[in-house]
Amino acid sequence: MPMVVFYPNSAIHAKTLDLKNSLSQTLTQYYSFAGRHAKIASAYVDCNDEGAEFLEASVNGTLSNFLQNSLHEDLDQFFPYGTVGTVKVMIFEATE
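Under our numbering, the first residue of the sequence shown carries the number 2, and numbering increases by one thereafter.
See the structure below:
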């Protein structure tokens, strides 16, 4: 189930390193989140240890403005799509 969670932008640079470190420690305990959706069925996870993705981005504007001026279809760009077996189970993005 795709899910996007938004938090206020407060000192993102200081928190990014902490987020990366805690993510790497968490994935050792919950290794299936570092896999890919299996080719046999997307309900299964291939625990191949390819890792979750962590992205850092910068945007001119605010989330409030984007959401007020967007169609629901515009929100699709926040979710990863791809062929079965290539889509990461977890993707994280820190945007300032």
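We put the CB at the ideal spot given by N, CA and C, even for glycine.
Could you tell me whether the region 30-38 touches the region 61-73, where touching means 3 or more Cβ pairs closer than 8 angstroms? no
Rounded to the nearest angstrom, what separates lysine 16 and aspartate 47 at their Cα positions? 30 angstroms
In three-state terms, what does DSSP make of alanine 35? helix
Find out if the Cβ-Cβ distance for the pair isoleucine 92, glutamate 54 is shorter than 8 angstroms. yes
Going along the chain, which residues of its own chain have a beta-carbon closer than 8 angstroms to the beta-carbon of serine 59, five neighbours each way excluded? Thr96, Glu97
Considering only the beta carbon of each residue, do phenylalanine 7 and leucine 64 sit closer than 8 angstroms? yes
Give the secondary structure of phenylalanine 55 by DSSP, where H, G and I count as helix, E and B as strand, and everything else as coil. strand
Go through its chain and collect everything with a Cβ distance to aspartate 50's Cβ below 8 angstroms, but skip five positions before and after it. Tyr32, Ala35, Gly36
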